[in-house]
Amino acid sequence: MRLSRYFLPVLKENPAEAQIVSHRFMLRAGMIKQQSAGIYSWLPLGLRVLRRVEQIVHEEQQRAGHIPVLMPTLQSADLWRESGRYDDYGQEMLRITDRQDREMLYGPTNEEMITDIFRAHVNSYKDLPLTLYQIQWKFRDEMRPRFGVMRGREFLMKDGYNFDIDKDAALHAYNRHMVSYLRTYERMGLTAIPMRAASGPIGGDNTHEFLVLASTGESEVFFDSAVTDLKLGEREVDFDNRAQVASICQEFTKLYARTDETHDAALFDQIPEERRKVARGIEVGQIFFFGTKYSESMGALVTNAEGERVPVQMGSHGIGVSRLLGAIIEASHDDKGIIWPEGVTPFHAAIVNLKQGDTEADAACDGIYQGLRARGLDPLYDDRDARAGEKFATTDLIGLPWRITVGPRGLKNGVVELTSRRTGESEEMSPEAAVDRVAQIYAGV
Ligand code: 5CA
Numbered sequence: 034m035r036l037s038r039y040f041l042p043v044l045k046e047n048p049a050e051a052q053i054v055s056h057r058f059m060l061r062a063g064m065i066k067q068q069s070a071g072i073y074s075w076l077p078l079g080l081r082v083l084r085r086v087e088q089i090v091h092e093e094q095q096r097a098g099h100i101p102v103l104m105p106t107l108q109s110a111d112l113w114r115e116s117g118r119y120d121d122y123g124q125e126m127l128r129i130t131d132r133q134d135r136e137m138l139y140g141p142t143n144e145e146m147i148t149d150i151f152r153a154h155v156n157s158y159k160d161l162p163l164t165l166y167q168i169q170w171k172f173r174d175e176m177r178p179r180f181g182v183m184r185g186r187e188f189l190m191k192d193g194y195n196f197d198i199d200k201d202a203a204l205h206a207y208n209r210h211m212v213s214y215l216r217t218y219e220r221m222g223l224t225a226i227p228m229r230a231a232s233g234p235i236g237g238d239n240t241h242e243f244l245v246l247a248s249t250g251e252s253e254v255f256f257d258s259a260v261t262d263l264k265l266g267e268r269e270v271d272f273d274n275r276a277q278v279a280s281i282c283q284e285f286t287k288l289y290a291r292t293d294e295t296h297d298a299a300l301f302d303q304i305p306e307e308r309r310k311v312a313r314g315i316e317v318g319q320i321f322f323f324g325t326k327y328s329e330s331m332g333a334l335v336t337n338a339e340g341e342r343v344p345v346q347m348g349s350h351g352i353g354v355s356r357l358l359g360a361i362i363e364a365s366h367d368d369k370g371i372i373w374p375e376g377v378t379p380f381h382a383a384i385v386n387l388k389q390g391d392t393e394a395d396a397a398c399d400g401i402y403q404g405l406r407a408r409g410l411d412p413l414y415d416d417r418d419a420r421a422g423e424k425f426a427t428t429d430l431i432g433l434p435w436r437i438t439v440g441p442r443g444l445k446n447g448v449v450e451l452t453s454r455r456t457g458e459s460e461e462m463s464p465e466a467a468v469d470r471v472a473q474i475y476a477g478v
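Mind the numbering: the sequence shown is residues 34 to 478 in my numbering, read in order.
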């Protein structure tokens with residue numbers, strides 16, 4: 034993309050309404066625009082990152098064997114009366130009446146609707162296990178929407194639902210989600226710690242939240258600092274292997290890590306003092322096992338191997354897709370702006386032309402641009418007729434991890450400069466070598 038033809042409405046001033054860094058940078062980098070309290074338009078740069086985050090979520094869900102579907106955002110109140118949640122859900126639910134006076138709602142979550150799909154089509158244990166998921170907009174009429182996409186009213190969520198014949202199989206599905214989430218967050222450059230949590234309106238007694246540590250996080254968390262050293266990394270996972278998946282979960286949950294809702298001071302005190310940490314965190318996902326809570330009330334029964342009709346065992350599993358953008362920025366920025374991890378960056382590299390209109394500089398930039406695109410990469414070429422300082426400020430603000438700076442002086446010696454946004458370190462090399470290096474970096478992402 035050439036910046037002169039793009040739509041990147043960056044702001045020079047700090048917007049007064051933004052109280053935390055991620056909100057401030059998302060507005061300043063022209064990623065989002067607020068339309069109503071907690072409701073945002075996604076501008077081109079923001080949409081690019083959102084799509085990359087979604088793509089990672091899809092890939093990791095499908096790697097774990099889960100199947101994508103898409104349900105509507107509007108649901109009928111009657112469906113929610115069946116589970117009893119229509120009245121229980123309270124003011125967070127946006128209720129709508131259509132022209133026929135039918136009561137509808139904008140879905141805050143989809144347990145009822147997915148159970149309805151299941152009961153219409155599945156009858157036998159032979160069709161299990163089954164996990165369906167979607168990435169779809171949700172609405173919760175939050176009392177205090179704030180911090181931009183962090184606590185929105187309309188927000189994008191990945192919500193997945195497992196159906197299993199017995200509790201052991203359903204607990205395997207729970208574990209499978211935990212492991213797939215670990216890889217999902219790591220690919221986004223995040224350390225998200227699974228913590229014992231409380232289940233709230235979703236129900237059930239087995240639940241973990243995934244928290245990214247950040248001083249601006251809304252949750253208070255208590256943990257053994259050794260938990261922050263754990264990495265799933267590149268290890269091979271066979272998602273059908275119950276023992277392997279369970280042992281990874283055991284590894285990640287055996288150390289103390291809890292939110293304030295489940296915190297146990299006596300247990301916490303048993304951790305060696307230097308590893309006892311109290312901090313704040315951003316909840317980027319939550320997994321639940323709730324057994325037959327919805328299948329019993331809504332009549333989602335299957336025939337088991339003995340020929341009996343039994344309610345199917347279920348759980349639900351959410352990732353805060355739009356919130357993740359805020360969490361990634363909170364975890365990765367400096368005074369100048371965002372620092373995108375390579376896994377989610379909106380463009381792979383910036384090309385900064387120090388002297389637009391100079392025949393040689395223009396030609397070198399074009400060559401690098403084509404070279405990167407030929408390697409399957411998406412560069413952002415700052416071809417504006419602007420001062421170098423302004424170009425640097427823009428690429429720093431929008432957080433592209435690599436910058437290739439091209440100017441007549443360097444070109445005289447046959448070199449351009451490759452700069453890491455994270456370390457600020459620069460290296461001179463030929464334009465071809467810069468293209469190779471950037472391609473090499475992304476080959477490993
Ligand atoms: N049905 C279950 C799982 S599918 C569910 O709704 N879980 S949840 O309530 O925990 O939401 C899942 C994730 O959505 C949360 O972990 C959080 O990351 C994100 N989320 C929840 N509320 C908001 C909000 N108001 N703004 C942005 N993200 C949110």
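We treat Cβ as the ideally placed atom computed from N, Cα and C, and that holds for glycine. The structure displayed is predicted, hence computed values, not measured ones.
Asked                                                                                                 : Found
Strand pairing of residue 427, partner residues [DSSP]                                                : None; residue 427 has no bridge partner.
N-terminal and C-terminal residue of the alpha helix (DSSP H) that residue 399 is part of             : 392–407
Residue 419 in three-state terms, based on DSSP                                                       : coil
Rounded straight-line distance, which links the Cα of residue 244 to that of residue 368              : 24 Å
Whole-angstrom distance between residue 198 and residue 332, CA atom to CA atom                       : 14 Å
Every unbroken alpha helix (DSSP H) inside the region 122–203 [4 residues or more]                    : 144–154
Unbroken stretches of the alpha helix (DSSP H), 4 residues or longer, contained in the region 284–356 : 298–301, 326–331
For residue 471, three-class secondary structure by DSSP                                              : helix
Residue 463 - DSSP class collapsed to helix/strand/coil                                               : coil
Euclidean distance between Cα positions of residue 397 and residue 438                                : 10 Å
Coarse secondary structure for residue 380, derived from DSSP in three states                         : coil
Residue 221 and residue 376 closer than 7 Å at C-beta                                                 : yes
Host alpha helix (DSSP H) of residue 82 (start-end)                                                   : 77–96
Environment of residue 242 [buried if 16+ CB atoms lie within 10 Å]                                   : buried
Residue 225, DSSP secondary structure in three states                                                 : strand
Cβ-heavy atom distance, residue 192 to ligand 1, below 6 Å                                            : yes
Residue 55 and residue 362 closer than 7 Å at C-beta                                                  : yes
Continuous beta strand (DSSP E) stretch holding residue 449: start and end                            : 449–453
The region 329–347 in contact with the region 296–315 per 3-pair CB rule at 8 Å                       : no
Buried/exposed call for residue 66, threshold 16 Cβ in 10 Å                                           : exposed
Contact check, residue 279 vs residue 208, beta carbons under 7 Å                                     : yes
Identity of the residue in 425, 230, 461 nearest residue 322 by Cα                                    : 230
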